[in-house]
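Chains as they are written, first to last, in the working numbering: chain A, 14 to 205; chain B, 14 to 205.
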DNA sequence: CTTGATTGTCTAGCGATGCTAGGATCAAAC
DNA sequence: GTTTGATCCTAGCATCGCTAGACAATCAAG
């Protein structure tokens with residue numbers, strides 16, 4: 014009994030190590046540098062060990078994405094709960110979202126740019142993802158305006174943030190004007 | 014003289030063939046399926062020929078992106094010039110943008126999701142890209158509203174469209190509500 | 001304590017990938 | 001007719017994700 018429990022603990026610890034190492038490597042050198050060989054070397058096991066935890070590289074990306082979703086939901090809730098008034102809440106939410114994307118580019122990629130094999134926008138979407146969307150909905154729903162479905166409004170606002178985040182990071186938008194863009198977005202979209 | 018001219022013509026034709034084939038293959042089976050071997054086989058030349066035209070796969074993606082930018086600019090201008098009144102123009106622009114992204118996913122990826130080795134948002138940005146942004150600016154600038162810089166407004170509106178396009182295509186947003194999202198976006202952002 | 005089976009892990013290798021070196025071929029130039 | 005130079009291809013490198021099969025460690029049964 015106890016022996017088996019210890020083994021399960023160690024196995025779970027190794028799985029966390031894999032995910033944490035993949036994330037770290039991706040943040041340091043980009044996801045292209047996260048090869049199964051390099052990852053195996055860093056955790057000091059051979060390649061096939063990775064495949065005893067995950068079906069493949071995709072699932073590892075997916076695991077990082079879920080971790081990121083949980084963190085992002087937490088960051089968003091922390092920021093919005095510290096602000097009072099719907100308007101300041103939405104501004105704080107937008108800033109926090111963009112800052113999260115800018116500070117954790119690899120995690121953001123895992124969540125939204127890469128294929129992590131996760132389901133989206135349907136019933137078997139993993140809980141962390143649903144929860145991250147819920148965190149957005151909580152603050153954005155209250156400024157949707159009359160006659161506008163909160164979920165629809167959240168989708169549009171989220172899409173705008175996502176566009177700003179990705180285009181900025183890819184060099185398609187000059188990074189220095191982020192703040193006025195956020196202000197414009199909140200000004201126009203949020204029905205205070 | 015004439016011999017050399019013929020050769021140059023043939024060379025240019027082959028280059029166009031490469032780009033067109035890459036695009037076709039990408040639209041049919043996705044960019045992952047566009048390998049140098051497959052591409053070489055389809056144009057009925059050996060792999061190294063590709064490298065006498067392009068520095069590498071990245072540059073081929075870049076060439077498709079430029080072609081796409083020209084087409085998109087044309088589509089946007091056609092749609093907006095057929096509409097009268099700033100408001101309907103912006104709506105037409107938004108619909109056309111999203112439709113272009115949905116109907117040419119591989120080209121859209123080449124332009125905005127993949128690394129085509131192109132410069133953005135600075136002085137040595139290729140002309141087709143500048144022109145596509147200009148096409149956006151022409152219609153969006155007139156609804157920026159007082160005291161809002163047209164370019165800034167265009168960036169934000171574009172980012173929103175880009176977010177909608179990519180999130181929808183990646184399955185992050187359910188595709189059926191595209192139209193109400195567009196209406197909401199135009200309603201709120203455009204100062205009629 | 002010795003077996004035998006069950007885990008766990010590793011070495012080695014497969015079929016791909018992007019890209020390149022070096023030789024063969026063929027047409028233009030003298 | 002010979003030489004030269006451009007053009008193209010065969011063959012191969014290093015690396016990728018992933019897997020089969022051998023090996024070693026651990027455990028249950030006799």
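No residue lacks a Cβ here, since even glycine has one placed at the ideal position from N, Cα and C.
task: Taking only beta carbons into account, state which residues of the region 181-199 of chain B come closer than 7 Å to chain A, listed in chain order.
output: 184, 185, 186, 187, 190, 193, 194, 197 and 198
message: Suppose contacts are defined by Cβ-Cβ distances below 8 Å. Is residue 108/B in contact with residue 148/B by that definition?
response: no
- request: Identify whether residue 144/A lies in helix, strand or coil by the three-state DSSP scheme.
  value: helix
field: Three-state class that DSSP yields for residue 130/B in the structure shown
entry: coil
- request: Might you give, ordered along the chain, the residues of its own chain that have their beta carbon closer than 8 Å to the beta carbon of residue 256/B, omitting 5 neighbours on each side?
  value: Residue coverage of chain B in this structure runs from 14 to 205, which leaves residue 256/B outside it and unanswerable.
query: At which residues does the alpha helix (DSSP H) containing residue 84/A begin and terminate?
result: 70-94
query: Relative to the C-alpha of residue 37/B, which residue among 197/B, 99/B, 80/B and 130/B is closest?
result: 80/B
Below-8 Å beta-carbon distance, residue 67/A vs any chain B residue: no
- prompt: How should residue 199/B be labelled, buried or exposed, when 16 other C-beta atoms within 10 angstroms of its C-beta is the threshold for buried?
  reply: buried
field: Backbone CA spacing between residue 77/A and residue 42/A [nearest angstrom]
entry: 15 Å
task: Report the residues of the region 42-54 of chain B with a CB closer than 8 Å to any CB of chain A, ordered along the chain.
output: none
query: With a Cβ-Cβ cutoff of 8 Å, do residue 66/B and residue 176/A count as a contact?
result: no
query: Can you check whether the CB of residue 119/A is closer than 8 Å to the CB of residue 39/A?
result: yes
- prompt: Any heavy atom of the ligand NAP closer than 7 Å to the Cβ of residue 159/B?
  reply: Inclusion of the ligand NAP in the displayed structure is not the case, the ligand content being empty and no account of it being possible.
query: For residue 165/B, which residues in chain A fall below 8 Å Cβ to Cβ?
result: 190, 193, 194 and 197
query: Is the Cβ-Cβ distance between residue 131/B and residue 75/B less than 8 Å?
result: yes
message: Helix, strand or coil for residue 138/B? Go by DSSP, reduced to three states.
response: coil
message: Suppose the cutoff is 7 Å on Cβ atoms and the five residues either side in sequence are ignored; what does the same chain contact list for residue 83/A look like?
response: 141
message: With a threshold of 6 Å on Cβ separation, who are the neighbours of residue 55/A within its own chain once the five nearest residues in sequence on each side are excluded?
response: 34
field: Pick from 32/B, 23/B, 98/B and 180/B that is closest to residue 125/B, judged by C-alpha positions
entry: 180/B
- prompt: Does DSSP put residue 99/A in a helix, a strand or coil?
  reply: helix
Alpha carbon of residue 169/B to alpha carbon of residue 133/B, nearest angstrom: 16 Å
Supposed contact pair residue 186/A and residue 164/A - C-beta distance, whole angstroms, cut 8 Å: Not a contact, Cβ separation roughly 27 Å.
task: Taking C-beta pairs closer than 7 Å, name the residues in chain B that residue 201/A reaches, listed in chain order.
output: 201 and 202
field: Within chain A, partners of residue 81/B - CB distance below 7 Å
entry: Going along chain A, no residue has its Cβ under 7 Å from residue 81/B, so there is no contact; the nearest lies around 14 Å.
- request: Leaving aside the five residues before and after residue 62/B along the sequence, list all residues of the same chain whose C-beta is less than 8 Å from its C-beta, in chain order.
  value: 27, 53 and 56
query: Of all Cβ atoms in chain A, is any one closer than 8 Å to the Cβ of residue 78/B?
result: no
Candidates 47/A, 93/A, 158/A and 31/A, of which the one nearest residue 201/B by Cα: 158/A
message: Looking at residue 195/A: is its Cβ nearer than 8 Å to the Cβ of residue 153/A?
response: no
message: Just verifying my parser: in three-state terms, what is the DSSP assignment at residue 204/A?
response: coil
query: Can you tell me the Cα-Cα spacing of residue 205/A and residue 47/A, whole angstroms?
result: 44 Å
- request: To the nearest angstrom, report how far apart residue 139/B and residue 128/A are at their CA atoms.
  value: 30 Å
Beta-carbon gap between residue 106/A and residue 93/A smaller than 8 Å: yes
- request: Can you tell me which of 32/A, 95/A, 96/A and 101/A puts its alpha carbon nearest to the alpha carbon of residue 71/A?
  value: 32/A
query: What are the boundary residues of the alpha helix (DSSP H) that residue 212/A is part of?
result: Outside the displayed range of chain A (14 to 205) lies residue 212/A, so it cannot be described from this structure.
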